[in-house]
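In my numbering, the protein residues as written are 268 to 366. To start, the structure itself, in structure tokens.
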């Protein structure tokens, strides 16, 4: 089970929107646990999902281990422009592709 953020916290390091309590909040390891990371921080679920859909754990560990580096990626920059129009508690429902 994923650890959820239980109180209002700092703005999301990816999109800059406030992080509200509830199911729209999650935790992210900037250095992946599989690469020895222990520290984690609050992030929106939709932002967290986008990070892991774009980057592999290896890429996160080597090149995209900071919010600044992530925001500089063109696909993430496009995503941020889109998600900033959504309310802080927004959770995107991704449908699995049909085979």
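The C-beta atom is built at its ideal place from N, Cα and C for all residues, glycine as well.
So, is residue 297 buried or exposed, given that buried needs 16 or more other C-beta atoms within 10 angstroms?
Classification for residue 297: buried.
Can you tell me which residues form a DSSP beta bridge with residue 310?
According to DSSP, which records beta bridges pairwise, residue 310 is partnered with 293.
Mark residue 300 as exposed unless 16 or more other C-beta atoms lie within 10 angstroms of its C-beta, in which case mark it buried.
Burial call: exposed.
Is it buried or exposed, residue 352, if we count other Cβ atoms within 10 angstroms and call 16 or more buried?
With fewer than 16 other Cβ atoms within 10 Å, it is exposed.
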